[in-house]
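Have a look at the structure below before the remarks.
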Amino acid sequence: MSSPIELRVVDVVAETVDAKSFVLEPPEPTSYSSGQFLTIAVPSEEQGFVARCYSLASAPHEGGLLTVTVKRTPGGYASNWLCDNVRVGQALKSLPPSGVFTAASVDDDLLLFAGGSGITPVISLAKETLARGSGSVALFYANRSADSVIFGSTLAKLAAEYPDRLTITNWFEDSQGLPTAAGIRAFAEQFTDRHAMMCGPAPFMQAVSDVLKSLDFPRERRRQEKFVSLSGNPFEISAEVVDAADLGAAAPEGAGCTRVSGEIDGAAFEFDDWRPGVLLLDFLLEKGIPAPFSCRLGDCSACACRVIEGDVEMVTNEVLEPEDIEEGIRLVCQSLPVTEHLKISFS
Ligand code: FES
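Heads up: the sequence shown is residues 1 to 347, going by UniProt numbering.
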């Protein structure tokens, strides 16, 4: 789950003048959920590799190929390298799919907001819900102009196929200016009982988030995917072997240890020897628990869990909001023990 995989490029599709989709074949069937991302190693002369997260635009029901869509960032190294250099037949190194920007059920009704290339995880969620579930989808899609719309033809086809379940509102900045609170509100207030999910530039998500709060969307029905820049190289970290003997030597057996219990994928676990100074992710992996993770740096939230009893101290947190923390969400890769007992859930 944590080891890098080699993905073979089987197609490159120009989506717009500055965005390309890369269709990737994993070496073996790879499961993922709509809304998740790949962490790709982009070759760099100076550093060997730089790691960047790109959301999957494909949906699991479409088959075994994984598609990421990359929009050039002005002056951005990785996005431009990928768009300029990746060809069919090449291989890209990646970490397996991860991330928590996923829908609880394909039968939930969704209210989706996408800004620019933020459409990537959003279209995956929309396709999966429409094809595999009974949920309806309302999409507010903001773009600079009509010719910067990514997946325009796919969305038009979906709208024709699911006229009663898919509603799309486009917003074009060249004619309407930046999305306004009034514009977002006029759309959102038609769907206040839905699960809202948003992805796009930070000011866009802030505007949407403010409107949803003003409409009393509860926190559990407001989700956002952040584009983060990883501060380190998870490929190097994932190659490190966690040495069980070293973990065991951190403290005398039983001394000051925390009891950890929890549940992952429906299976319960409990251990009584989580030692001071050992990160919870390292501890769980050493115990054979398939805890999810990607960056291991506190940057991506792939490892997020919910604390049910006790608490932890997070060394770094670059991604959780204060309200996430208030709700008990913690980053397992950055968690150190502070209470005698900790109970967590990954669901
Ligand atoms: Fe990225 Fe923990 S794995 S924040």
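Backbone N, C-alpha and C fix where the C-beta goes; we use that ideal spot for every residue, glycine too. The structure displayed is predicted, hence computed values, not measured ones.
In the DSSP assignment, find the beta strand (DSSP E) that holds residue i and state where it starts and stops.
i	result
residue 224	222-225
residue 48	48-55
residue 83	Premise fails: residue 83 lies in the alpha helix (DSSP H), 77-85, not in any beta strand (DSSP E).
residue 37	37-44
residue 59	Careful: residue 59 lies outside any beta strand (DSSP E) and carries neither H nor E.
residue 66	66-71
residue 373	Nothing in the structure corresponds to residue 373, since the chain is present only between 1 and 347.
If residue i sits next to residue j, beta carbons under 8 Å apart, how far is it from one beta carbon to the other, in whole angstroms?
i	j	result
residue 303	residue 332	4 Å
residue 4	residue 93	5 Å
residue 217	residue 184	Going by Cβ atoms, the distance from residue 217 to residue 184 rounds to 12 Å, so no, they are not a contact pair.
residue 385	residue 308	The first residue shown for the chain is 1 and the last is 347, placing residue 385 beyond what the model contains.
residue 174	residue 135	With 8 Å as the limit, residue 174 and residue 135 do not qualify as a contact, their Cβ atoms being about 32 Å apart.
residue 312	residue 335	4 Å
residue 279	residue 191	At roughly 40 Å, the Cβ-Cβ gap does not stay under 8 Å, so residue 279 and residue 191 are not in contact.
residue 16	residue 148	6 Å
residue 82	residue 42	6 Å
residue 80	residue 116	Contact flag wrong, Cβ pair sits at about 16 Å.
residue 51	residue 317	Contact flag wrong, Cβ pair sits at about 19 Å.
Which of the three DSSP states is assigned to residue i in this structure?
i	result
residue 16	strand
residue 318	coil
residue 245	The predicted model places residue 245 with a pLDDT of 35, which falls under 50 and marks its position as unreliable; any figure quoted below should be read in that light. DSSP places residue 245 in helix when its eight states are reduced to three.
residue 270	strand
residue 124	helix
residue 31	coil
residue 325	helix
residue 331	strand
residue 22	strand
residue 234	helix
residue 178	coil
residue 167	strand
residue 148	helix
residue 130	helix
residue 183	helix
residue 350	No answer is possible for residue 350: it lies beyond the span of the chain, which begins at 1 and ends at 347.
residue 251	Because residue 251 sits at a pLDDT of 43, beneath the cut-off of 50, its placement in the model cannot be relied upon, and the following sentence gives the value as read from the coordinates. Residue state, collapsed to three classes: coil.
residue 275	coil
Just reading off the alpha helix (DSSP H) that residue i is part of, what are its end residues?
i	result
residue 192	Looking at the DSSP string, residue 192 is not in any alpha helix (DSSP H), and its letter there is neither H nor E.
residue 213	202-214
residue 160	152-161
residue 286	280-286
Tell me residue i's beta-bridge partners as DSSP assigns them.
i	result
residue 115	142
residue 312	337
residue 172	143
residue 7	92
residue 307	344
residue 199	114 and 225
residue 98	37
residue 137	110 and 166
Are the C-beta of residue i and some C-beta of chain C separated by less than 9 Å?
i	result
residue 314	In summary, chain C is missing from the structure at hand, where a single protein chain is found.
Exercise. Does the region 124-143 come within contact of the region 39-51, defined as at least 3 CB pairs closer than 8 Å?
Worked result: no
Exercise. Touch check for the region 95-110 and the region 32-40: three-plus C-beta pairs under 8 Å?
Worked result: yes
For this session: Evaluate contact between the region 75-94 and the region 258-275, counting only Cβ atoms and requiring at least three cross-stretch pairs below 8 Å.
Result: no
Problem set entry | Segment contact flag, the region 284-294 with the region 19-32, C-beta cutoff 8 Å, min 3 pairs | no
Exercise. Would you call the region 61-75 and the region 202-218 touching, i.e. three or more CB-CB distances under 8 Å?
Worked result: no
For this session: Indicate whether the contact test is met: 3 or more Cβ pairs, each with one atom in the region 53-67 and one in the region 108-121, closer than 8 Å.
Result: yes
Exercise. Is there contact between the region 146-158 and the region 195-209, where contact requires at least three CB pairs shorter than 8 Å?
Worked result: With a cut-off of 8 Å, the region 195-209 and the region 146-158 do not count as touching, because too few Cβ pairs lie within range.
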